[in-house]
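Residues in the sequence shown are numbered from 287 upward in steps of one, following this note's numbering.
Working notes, beginning with the structure itself.
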Amino acid sequence: MTGSPPRDDPESGKPLHVGQLNLPAEDAFHKAFGELFDRRFFANHGPLEQQLDRELALRFGTRHAVSVVNATVALMLALRALDLQGEVIVPAFTFPATVQAVDWAGLKPVFCDVDPHSQTLTAQTVAPRIGPATAAILGVHVWGRACDPDGLAELSRRHGLKLLFDAAHAVGAGFRGRPIGGFGDAEVFSFHATKILNGVEGGCIATNDDDLAARLRRMRSFHEADDGVTRLYRLNAKMSEAQAAMALLGLRDLDGLIGQNRRRYERYRQELDGIPGVRFVDYAGDEASNYQFIVLSVEPAASPLSRDMLLDRLRSRQILARRYFHPGMHRTPPYCDDGIPDLPVTERLCSSLIQLPTGQLVTDRDIETICAVIREAAGMDGAAAPKGSA
Ligand code: T4K
287 MTGSPPRDDP
297 ESGKPLHVGQ
307 LNLPAEDAFH
317 KAFGELFDRR
327 FFANHGPLEQ
337 QLDRELALRF
347 GTRHAVSVVN
357 ATVALMLALR
367 ALDLQGEVIV
377 PAFTFPATVQ
387 AVDWAGLKPV
397 FCDVDPHSQT
407 LTAQTVAPRI
417 GPATAAILGV
427 HVWGRACDPD
437 GLAELSRRHG
447 LKLLFDAAHA
457 VGAGFRGRPI
467 GGFGDAEVFS
477 FHATKILNGV
487 EGGCIATNDD
497 DLAARLRRMR
507 SFHEADDGVT
517 RLYRLNAKMS
527 EAQAAMALLG
537 LRDLDGLIGQ
547 NRRRYERYRQ
557 ELDGIPGVRF
567 VDYAGDEASN
577 YQFIVLSVEP
587 AASPLSRDML
597 LDRLRSRQIL
607 ARRYFHPGMH
617 RTPPYCDDGI
627 PDLPVTERLC
637 SSLIQLPTGQ
647 LVTDRDIETI
657 CAVIREAAGM
667 DGAAAPKGSA
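Encoded structure:
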């Protein structure tokens, strides 16, 4: 069961944000935090962090899950723990944290274009970027959609590269019957408040590699290792018991939240069916999405509307849709200081995609309001929503 707190409401003039907030039932929250107070154990690998690591590993079908403060730090630690030097191939079509983590790990990001359909790196887009200094590939499961895990595994094996996935969007998602979590050398998840699994802040690294997991467990804490000799970079990246308590509650609700997200996604599709030039990000039969993101592409050639016109129109009605990701990281300082690489698909996506509000606090009425604004902006004023949407 999940709670029903006050929500933003575009009709009442209050903004409706992109960035879903999924909240646990209030009584479950009070119980969990009451127990935390009684125990007086708030940090430093308490029982809830350990329980969360076990439950996440079960959910991801991996041997290990190592929880930390957030996904950005998780990415930094994973890159560092793999003991890499040189270049890491990353998409420019991602949230800044993916690329910033590469930097913080002392590595050089090399931008690669994405596939126009999946919007992720694939073996085909990555292969031409591999050079003598390449140490790893860092794919992003953007919108929770698997980033060619089999193709990239084969490519990285052939070239002796490490393979990591930024799975910040992908909690609860799967590919070809396997949960996201066990692909590549490691996968990194986010439990930020706006993610499907809300740990307030939080993240974890999932891996099947025992040695890597042991290194990560040492690195996430500044305390000396038991053996007293291990020389590893350390960081205070420990997840607090309060974060773990929230994440554990969210984990219990996860399948229900995915079901609700799917219903909202289908409702949006129904309401927006038939608008020229407006397309949804589609999921293929072998993809199990968590439907965490409602992403539309506004195709300039086929639409009277541009993406930015639509954004302005929605914003004027307090619907704070977003241009994830804009601009591409290759156009962001300091990464553009030495020139802007040619990434045509990334450019097109950055100028045509728009993200709409979803999550537990977005009602059917909100979706109807949002879609009416979009239909109106597309010149379909007064056009009834398609059959079955009432
Ligand atoms: N890799 C990828 C691919 C990512 O997308 C992300 C983060 C990361 C790595 C790094 O993960 P973490 O280190 O964060 O664990 C938000 C989230 O903060 C960020 O976690 C997420 N991805 C990204 C896609 O979205 P912002 O800065 O664009 O939005 P933010 O946090 O301002 O929230 C959006 C809206 O939600 C706000 O305008 C208001 C609303 N909101 C937000 C919060 C936090 C609320 O109503 N209540 C709240 O408590 O990054």
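Think of the CB as a built atom: it goes at the ideal place given N, C-alpha and C, for glycine as much as any other residue.
Please read these numbers as outputs of a predicted model, since none were measured by experiment.
Distances from the alpha-carbon of His303 to those of Asp452, Ile640 and Gly463 put Ile640 closest. Look at Glu321 here: in three-state DSSP terms it is helix. Checking the 7 Å criterion, the Cβ of Gly305 is within range of a heavy atom belonging to the ligand T4K. For Ala453, the number of other beta carbons within 10 angstroms of its own is at least 16, and it is reported as buried.
DSSP, read as helix, strand or coil, puts Ser442 in helix. A check of alpha carbon separations from Phe611 across Leu543, Gln371, Gln405 and Leu502 identifies Gln405 as the nearest. In the displayed model, Gly460 falls within a strand according to three-state DSSP. Shortest gap from the CB of Gly489 to any heavy atom of the ligand T4K: under 7 Å. For Cys657, the three-state secondary structure derived from DSSP is helix.
Distance between Ser476 and Leu540, taken at the CA atoms: about 14 Å. Along the length of the region 527–598, whole alpha helix (DSSP H) runs at least 4 residues long occupy 527–558, reported in chain order. The beta carbon of Phe346 sits closer than 6 Å to the beta carbons of Pro465, Gly467 and Ala492 from its chain, once the five residues preceding and following it are set aside; these are given in chain order. Non-local beta-carbon contacts of Arg565 in its own chain, meaning distances under 6 Å to residues more than five positions away in sequence, involve Ser583 in chain order. Looking at the DSSP output, Glu373 shares a beta bridge with Lys394 and Thr420. DSSP places Val354 outside any alpha helix (DSSP H); the residue lies instead in the beta strand (DSSP E), whose first and last residues are His350 to Val354. Lys448 is bridged by DSSP to Ala422. Taking a C-beta distance under 8 Å as the contact criterion, Ala357 and Ala383 qualify as a contact pair. Proximity of the region 585–594 to the region 421–439 falls short of the contact definition, fewer than three beta-carbon pairs being nearer than 8 Å. Secondary structure note for Glu473: its beta strand (DSSP E) is the uninterrupted segment Ala472 to Ser476. Using a cutoff of 7 Å, the CB of Phe381 counts as near the ligand T4K, since one of the ligand's heavy atoms is closer than that.
Between Asn576 and Val457, the gap from beta carbon to beta carbon is short of 8 Å. In the assembly as shown, Lys394 is an exposed residue. Its beta-carbon has fewer than 16 other beta-carbons within 10 Å. Put simply, the region 550–568 touches the region 651–666. At least three CB pairs are less than 8 Å apart. Check the Cα spacing between Leu361 and each of Tyr554, Leu543, Gly488 and Ile656: the tightest is with Gly488. Going by DSSP, Thr632 is part of the alpha helix (DSSP H) stretching over Pro630 to Ser638. In the three-state reduction of the DSSP assignment, Leu302 falls in the strand class.
Pairing Phe579 with His455 gives a Cβ-Cβ distance under 8 Å. The beta carbon of Gly645 lies closer than 7 Å to those of Gln306, Leu307 and Asn308 in the same chain, with the five residues before and after it left out.
DSSP, read as helix, strand or coil, puts Arg504 in helix. The shortest CA-to-CA distance from Glu373 to any of Gln556, Ser602, Leu447 and Ala570 is the one to Leu447. In this structure, the alpha-carbon of Leu365 lies about 14 Å from that of Arg503. The beta carbons of Arg506 and Lys481 sit no closer together than 8 Å.
The three-state secondary structure of Arg617, taken from DSSP, is helix. The beta carbons of Val359 and Leu521 sit closer together than 8 Å. No Cβ-Cβ contact shorter than 8 Å links Val474 with Met532.
Cβ atoms of Gly536 and Leu483 come within 8 Å of each other, at about 4 Å.
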